[in-house]
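Counting from 1, one number per residue, gives the positions in the sequence shown under full-length UniProt numbering. Below is one structure; the comments refer to it alone.
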Amino acid sequence: MRKIRESMNVSIERLKNIHFVGSKKIRKSARINILGEKVVLIASSTGGPRSLDVLIPQLPENLNVPIIIVQHMPAGFTASLAYRLDKISNLKVKEAEDGESLQKNVVYVAPGDFHLGLKQEDHKIKLFLDKSDKINNVRPSADFTFDLAAEIFKENALVVILTGMGRDGAKGAFKVKHYGGTVIAESKETSVVYGMPKIVAQEGYADFVLPNYDIAEKILEILTDQPRG
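Written out as structure tokens, the structure is:
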């Protein structure tokens with residue numbers, strides 16, 4: 001618990017052109033130059049909301065990419081998670097809706113009890129909700145979302161595997177790596193349950209293994225210093 005509390009107060013002033021004020025938010029926008037169409041995909045389970053509380057508020061409002069969160073939660077709870085994250089973050093955070101177009105600078109939370117998919121339609125990328133069987137005993141499943149996102153974004157997909165039990169997200173991370181994308185796993189140091197990120201690290205899919213308070217900085221480094229596409 002002490003590590004979790006301390007992580008909320010870690011300064012990220014060394015981020016280029018970003019000023020960190022307080023324990024939860026970046027008040028000023030970063031000037032970010034990102035090439036290509038990219039997406040950030042996040043998987044989380046047990047302890048996930050705590051790590052999301054650290055990660056999402058550190059990202060600037062003009063990140064210029066969409067973010068998709070697959071958090072293992074029952075129906076109803078994901079809407080509350082999205083609402084709370086929206087209140088403490090610079091980016092807009094919302095529960096994903098069936099048929100809506102993917103937009104930059106928006107964080108989409110997969111609704112509880114639905115898989116969240118992506119498809120290309122009319123030169124847009126649209127989200128859809130799916131009620132097919134559970135994957136890895138969960139719905140929503142990160143593997144479901146990551147598999148489809150990898151097909152669309154290929155090397156421009158960035159996956160983050162946060163705390164949680166089980167192995168959901170591992171197959172999706174493998175597919176993202178297959179297409180040349182990047183994978184970050186949360187370290188044991190800040191994981192409430194070191195299951196999902198441990199599997200990804202052990203299988204060799206993780207490009208970086210970091211505590212939750214350092215992940216936002218690495219995301220920005222990857223999006224800006226290592227442009228793809």
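Ideal Cβ placement from N, Cα and C applies to all residues, glycine included.
What is the rounded straight-line gap between the Cα of Tyr-213 and the Cα of Val-109?
Taking the first residue of the sequence shown as 1, we reach residue 213 at position 213. Taking the first residue of the sequence shown as 1, we reach residue 109 at position 109. Distance between the alpha carbons of Tyr-213 and Val-109: 20 Å.
Whole angstroms are fine: how far does the CA of Asp-207 sit from the CA of Glu-217?
Looking up residue 217 in the sequence shown gives position 217. Looking up residue 207 in the sequence shown gives position 207. Between Glu-217 and Asp-207, the C-alpha separation is close to 14 Å.
Quick check on Ser-101: buried or exposed, where buried means 16 or more other Cβ atoms within 10 Å of its Cβ?
If you number the sequence shown from 1, residue 101 lands on position 101. Its Cβ having fewer than 16 others within 10 Å, Ser-101 is exposed.
What would DSSP say about Pro-211, mapped onto helix, strand or coil?
If you number the sequence shown from 1, residue 211 lands on position 211. Of the three classes helix, strand and coil, the one that applies to Pro-211 here is coil, per DSSP.
Pick out whichever of Gly-166, Gln-103, Ala-96 and Leu-55 has its Cα sitting closest to the Cα of Pro-111.
Along the sequence shown, one-based indexing puts residue 111 at 111. For the set Gly-166, Gln-103, Ala-96 and Leu-55, the Cα lying nearest the Cα of Pro-111 is the one of Ala-96.
Terminal residues of the beta strand (DSSP E) in which Gln-202 lies:
The residue labelled residue 202 in the question sits at position 202 within the sequence shown. Per DSSP, Gln-202 lies in no beta strand (DSSP E); the unbroken alpha helix (DSSP H) holding it starts and ends at 196 to 202.
When you compare only the Cα positions, how much space is there between Thr-46 and Gln-71?
Along the sequence shown, one-based indexing puts residue 46 at 46. Along the sequence shown, one-based indexing puts residue 71 at 71. Approximately 9 Å, taken between the alpha carbons.
Ordered along the chain, which non-local residues of its own chain (more than five positions away) have a Cβ less than 6 Å from that of Phe-153?
Here the question's residue 153 lines up with position 153 in the sequence shown. Once the five neighbours on either side are set aside, the close Cβ partners of Phe-153 are Val-39.
With a CB to CB cut of under 7 Å and the five nearest residues on each side skipped, what residues in its chain are close to Ile-199?
Translated into the one-based positions of the sequence shown, residue 199 becomes position 199. These residues qualify, in order along the chain: Arg-167 and Ala-170.
Residue from Arg-84, Pro-74 and Asn-62 whose Cα sits closest to the Cα of Leu-52
Here residue 52 refers to the residue found at position 52 of the sequence shown. Comparing alpha-carbon positions, the option among Arg-84, Pro-74 and Asn-62 lying closest to Leu-52 turns out to be Arg-84.
Run through DSSP, which three-state label would Ala-170 get?
Numbered from 1 along the sequence shown, position 170 holds the residue referred to as residue 170. In this structure, Ala-170 counts as helix in the three-state DSSP scheme.
Start and end residues, alpha helix (DSSP H) containing Leu-85:
Within the sequence shown, residue 85 is the residue found at index 85, counting from 1. Leu-85 -> alpha helix (DSSP H) spans 77 to 88.
Same chain, Cβ closer than 6 Å to Ile-67, five either side skipped, listed in chain order:
Residue 67 sits at position 67 when you count from the first residue of the sequence shown. Correct list, in chain order: Val-40 and Val-107.
Go to Glu-151, then tell me how far its beta strand (DSSP E) extends in each direction, as first and last residue.
Reading the sequence shown from its first residue, position 151 is the one you call residue 151. It is not in any beta strand (DSSP E) - Glu-151 instead sits in the alpha helix (DSSP H) that spans 142 to 153.
Within its chain, find whatever has a CB closer than 6 Å to the CB of Lys-188; leave out the 5 residues flanking it on each side and keep chain order.
Translated into the one-based positions of the sequence shown, residue 188 becomes position 188. Only Tyr-194 meet the Cβ criterion.
Rounded to the nearest angstrom, what separates Pro-197 and Phe-174 at their Cα positions?
Locating residue 197 in the sequence shown gives position 197, where the first residue counts as 1. Locating residue 174 in the sequence shown gives position 174, where the first residue counts as 1. Approximately 13 Å, taken between the alpha carbons.
Neighbour-count burial assignment, Gly-76, 16 or more Cβ in a 10 Å radius
Within the sequence shown, residue 76 is the residue found at index 76, counting from 1. Gly-76 comes out exposed.
In the structure shown, what three-state DSSP assignment does Glu-189 receive?
Position 189 of the sequence shown, counted from the start, is the residue given in the question as residue 189. Residue state, collapsed to three classes: coil.
Coil, strand or helix - Ala-157 by DSSP
Mapped onto the sequence shown, residue 157 falls at position 157. Three-state result, Ala-157: strand.
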